[in-house]
Structures are given as C-alpha cells and as structure tokens.
Amino acid sequence: MPAEIICMANFKGGVGKSTTAVNVAACLARAGHRTLLADCDPQANSSEMFIPEEKIEHDFRSIVVGKIPTEKVIQSTRIEGLDVLPASFDLAVLDKELVVSAGGVFRIRKALAPVTETYDFVVLDTGPNLSHLTLGALAAAQHIVITVSAAVWSTRGLQKFLRWIEEHQEEDLIEARLLGLVATMVTPKTRIGRKLLDDMEASPLPTFRTWIPRRIRAEDAALDSRVAGDPEMDMSLSLSYQDLTVEVADRVAELERGRHAAS
Ligand SMILES: Nc1ncnc2c1ncn2[C@@H]1O[C@H](COP(=O)(O)OP(=O)(O)O)[C@@H](O)[C@H]1O
Ligand SMILES: [Mg+2]
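The working numbering applies: residue 2 is where the sequence shown begins, and numbers increase by one.
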C-alpha cells in the first residue's frame, strides 16, 4: 500500500510546523511505521534536526531539475525507520521554477512517487508562506495538519488560509483533506491559552484533542536535535507528541477504512 502523505501547514511561521513535523515523524517511526520526513521549506529547519547542513547536498530541486533519483536524495537518520528528504536554500529557486514549469504544482508529488511504496507515512514540512512549494506539498498530500498557536487562532489570516485551501480543492489541485488543527505552544495557565483550547473544542473544524504545551526547553531540544522518545527530551513535550501521533495515525486509519468500505 502506498504511503499516507501528511502535510504540515500554516500561512505563518513560528507556529510549530517544523517542531510538529519532526516529532510526529519520529514518533511514527518509533511506533514501527516506515516514515519519510520530506522538507519543503528552504529554511531546512526540520532537515537540520537530523542531518547537519554540510551533509545536505541534494533536495527536491535536485530531483525535479537535476534529475537525481529520489532514492539518492533521501538520507537515513539515527532513528530506525526514519529517513529524511532534506531541504536546502535551493528550494527557494525551485519555488520560482515551479511557477513557469508546466504542471509545476504536481512536481513534488511526482518526485515522491518512486518511493511512496517504500514508506507507510510521508510527513511533509512546509514554509511560512503560500508559495508554489507549499502548494506543491499540499498537492502531493492526502492529509493536512495545521498547527495553530493562540496568536493565529482567531485571526482572519487563518480563515483566509482555510479558504485558500478550499479554493484549490475545488480546482482539484489539492485532493488532501484537513485531518485536523492542533494547538501548539499552549500555556494553559494563561487566559489566552485556555481560550484557545476552549475555542478549539467548540469549533466545527476538525481539531485534535491533544495539545502541545509551551515549554522553555523546546528551543534547546531543537538546538540539540532532540525529539520525542529521546531520553533527554522534555517529558511533557515527548508525551504530548506521542499522544498527538497516536491521534494522527488513528484518524488516518479510520479514513482508510472508510475508503475501503466505500469502494
Ligand atoms: N511547544 C513549544 N514550546 C516552546 N517553544 C516551541 C515549541 N514548539 C516550537 N517552539 C519553538 O518556536 C520556534 C518556532 O517553531 P517551529 O516549529 O520552527 O515553527 P514553524 O516551523 O511554524 O516556523 C522554534 O524556535 C521552536 O524551537
Ligand atoms: Mg518551519
């Protein structure tokens, strides 16, 4: 069976997309799923959690423009079952190239096609803007996970972003459906933190029950390349990412069962 492809997205930066991508990917791998973390952000934050910058030679651009086989671009990581298709700043160039190339929006999907049978899950990380790369990543996915912080939850930007996704779904450029919104960097002791959790629970949008707490040690974890399941990782981040991953995998499995029942 081909991999389930999950795209982490938001129109803003600093909302925990990359942190969620690396931790969910790590938890999926540690739960025994063959997982590929594919980085579509030129900032390469999630790639560099597992691969030092100097070891990143190729990325999606090498596949699309350089005709390097996808398998050659993928690198293994210290976590068993977790591979990375890294990003580099070249992706900023690819973004412009996708605009002028025929079928540019489907180039990321095409680049992943040769390896989808190799993995159970592909987790795509995206940048903080509605670029062609982000659209290409969404067009390659079946599921969208949106990370939200209290600061973006009640903004018109989020509504517009959801509308932007819908418009592309209507045009059949995006087949992926919203798997759920997840609250990140939550401080439940503050009014704004509690409001975010209450609002999300009451929301008609699909939301995950698990929320990710704001932890001072999250930034150090990124610096030291620590992820959920590592012994030195902040325990509450570790546990919340493990819970979130169970919810993500359950929801994907439920959709899969629904698809089988319908066919
Ligand atoms: N739960 C958290 N608590 C505190 N800081 C966090 C948390 N999650 C992420 N961060 C930090 O916030 C910053 C932005 O997170 P990141 O995942 O890179 O967001 P994005 O990919 O959306 O730009 C990073 O410095 C990261 O280490
Ligand atoms: Mg990021």
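Glycine residues also receive a C-beta, built at the ideal position from the N, C-alpha and C atoms.
Length of the line joining the Cα atoms of residue i and residue j
i, j, result
"E58", "D91", "10 Å"
"E81", "I213", "24 Å"
"S19", "A262", "34 Å"
"A250", "V94", "34 Å"
"A152", "R215", "13 Å"
"Y242", "C28", "7 Å"
"R79", "F122", "18 Å"
"M201", "A138", "25 Å"
"F51", "L240", "20 Å"
"I217", "K111", "39 Å"
"N130", "A103", "22 Å"
"V124", "I6", "6 Å"
"R45", "R178", "It is Ala, not Arg, that sits at residue 45 in the sequence shown. Straight-line Cα distance between these residues: approximately 25 Å."
"R164", "S47", "27 Å"
"E168", "V101", "21 Å"
"E55", "P70", "20 Å"
Run of the beta strand (DSSP E) containing residue i, from where it starts to where it stops
i, result
"T127", "122–127"
"I145", "144–149"
"V100", "Careful: V100 lies outside any beta strand (DSSP E), inside the alpha helix (DSSP H) at 91–101."
"G181", "178–184"
Those residues which DSSP pairs with residue i across a bridge
i, result
"E5", "F122"
"T36", "L83, F122"
"Q1", "Summary: the structure shown does not reach residue 1, with the chain confined to residues 2 through 264, and so no result is reported for it."
"S77", "D84"
Same chain only: Cβ atoms within 6 Å of residue i, ignoring 5 sequence neighbours per side
i, result
"R35", "G82, Y120, D121"
"L113", "A141"
"F162", "F12"
"R31", "G230"
Residue span of the alpha helix (DSSP H) that contains residue i, given as start and end
i, result
"D244", "236–263"
"T20", "18–31"
"A141", "133–141"
"G194", "192–203"
Other residues of its chain near residue i: CB distance less than 7 Å, five sequence neighbours each side excluded
i, result
"G194", "A151, V187, T188"
"R227", "E233, M234"
Other residues of its chain near residue i: CB distance less than 8 Å, five sequence neighbours each side excluded
i, result
"E98", "R62, V65, V66, G105"
Sequence-ordered residues whose beta carbon comes within less than 5 Å of a heavy atom of ligand 2: Those residues are K18, S19, N46, given in chain order.
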